[in-house]
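Residue numbers (UniProt numbering): 1 to 274.
See structure below.
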């Protein structure tokens, strides 16, 4: 079976037989090959001209004479340096000019004298102090004076007793806050796993915020556990027993030492859907 070529122009006459051949579609299909060839030739010519135009301009520019810059050559003769005489001593360094003299005000040490020998002297004014230079001089000390060593600030005398800080600090003034091992997120997860809802509270559908307070001791244990806001039905007692079983916290730090810290904590109680 021969393969049909549907792109031959003979098929166009078949398709448009008995139709208005003066319509543009007939002409477009009939002259399709010629229009395509003409478009390719025009496009190729424009592409070749766009590529070759810079080369043609460069070639034409090379043929035109250009005015060359005129260079003026001048011969410069350098004078040789004078010979170095090793026996000649080097010149002395320049003399530093003397510094300008500035009036100085001296503050002599107080001297105890009899009352009748006291003379009233006017102290220097503010304007005199502005222009005066106290100077930087080395003053020899008196070798006959007794040597006295001052104690460092903040250190107690030798032999004094060290008192232990057992006061309860507030979280607002503490340097390093106490915290549960692993952080507060881990503490609330532990509360969710450990807290057991009382039966009466479960039957009454009690839920809400329960506030407790406790003291984090120096060793991290929890003492003085109190319920500040109770929801009733035994929810506060269960919270106190639960905190007694808590792991040891990291204690609060004040001045580099562990201290007792009062801690207030809210607990959200909500029953799980059955």
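Here a beta-carbon is modelled for each residue, glycine too, at the ideal position from N, C-alpha and C.
- Annotated three-state conformation of residue 257 is strand, per DSSP.
- Non-local beta-carbon contacts of residue 39 in its own chain, meaning distances under 6 Å to residues more than five positions away in sequence, are absent.
- Assignment of beta-bridge partners to residue 263 by DSSP yields 214.
- DSSP, reduced to helix, strand and coil, places residue 248 outside both helices and strands of the structure shown, so it counts as coil.
- Contact between residue 249 and residue 198 is ruled out by a C-beta separation of about 26 Å, above the 8 Å threshold.
- Rounded to the nearest angstrom, the Cβ distance from residue 231 to residue 215 is 23 Å, too far for a contact under 8 Å.
- Scanning 246, 194, 195, 174 for the CA closest to the CA of residue 261 turns up 174.
- Residue 266 places its beta carbon 8 Å or farther from that of residue 193.
- Of 240, 233, 263, the smallest CA-CA separation from residue 184 is found for 263.
- Per DSSP, reduced to three states, the secondary structure at residue 221 is coil, with no helix or strand assignment.
- Assignment of beta-bridge partners to residue 233 by DSSP yields no partner.
- Here DSSP, grouped into helix, strand and coil, assigns residue 55 to helix.
- Of the residues assessed, residue 236 falls on the buried side of the cut-off, its CB having 16 or more other CB atoms within 10 angstroms.
- In the three-state reduction of the DSSP assignment, residue 99 falls in the coil class.
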